[in-house]
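Everything on this sheet refers to the single structure shown next.
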Amino acid sequence: MGNTFDVNTVKYGHACKVWREIRHRYPGGGMVSNISDWVAVGKIPAGTAVKFDLSGKTFTAYTDAQIKAAESDITTLGINGYLQEDILVASGNTKASGTVVYAGEIYQYMFDEEVVAILQKITTLPQIVWVQ
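Following this line, the structure appears as structure tokens:
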């Protein structure tokens, strides 16, 4: 008897370009450490702000609500990059990896205006350029 493969197809609307240009990524990417925060959404969108732990090869992806809650001091979240591509989240048991970008040009229209205003205050990511 041969191998058995399971296929699951999911469709999420049309494609939207998030990145105009990607210059630098953290090598190897990492695993999502807070997948349970994203189950209700069904995916972690490309361009999501993340805190990447290079030594542990994991990252925390922040929701808009978490970013808005930290508005007074956004540095407390330790954001050091943005997700390159979407990550589909089927359940709390989903294991997923992603690529974290720390230098490039990202389209502003993909974000809530209030969230963009907060994220633009991050001074530790000077190589991220917000494009209108």
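In this text, residue positions in the sequence shown follow full-length UniProt numbering: the first is 1, and each later residue adds one.
Here a beta-carbon is modelled for each residue, glycine too, at the ideal position from N, C-alpha and C.
Nearest-angstrom Cα separation, counted from residue j out to residue i
i    : j    : result
E114 : Q108 : 11 Å
K121 : Q127 : 13 Å
T9   : N80  : 32 Å
R23  : G104 : 5 Å
V41  : G98  : 17 Å
E21  : I106 : 7 Å
V129 : T94  : 31 Å
M110 : V50  : 16 Å
S91  : S55  : 26 Å
For residue j and residue i, believed in contact at Cβ under 8 Å, the rounded distance
i   : j   : result
K57 : I87 : Actually they do not touch by this definition, with Cβ atoms about 15 Å apart.
A96 : V32 : 5 Å
Proximal residues to residue i (C-beta, below 6 Å), its chain only, five neighbours per side dropped
i    : result
I67  : V115, I118
W38  : I44, V89
D64  : D112, V115
A46  : V18, L83, E85, D86
T48  : A61, L83
Y102 : H24, G81
As assigned by DSSP and simplified to three states, the class of residue i
i    : result
D53  : strand
E114 : helix
T76  : helix
K95  : coil
E85  : coil
A15  : coil
Test item: CB-CB of residue i and residue j under 8 Å
i    : j    : result
L125 : V100 : no
Same chain, Cβ closer than 7 Å to residue i, neighbours up to 5 away in sequence not counted
i    : result
A70  : T76, L77
F52  : Y26, G30, F59, N80, G81, V100
N34  : T60, A61
G28  : K57
Q132 : Q108
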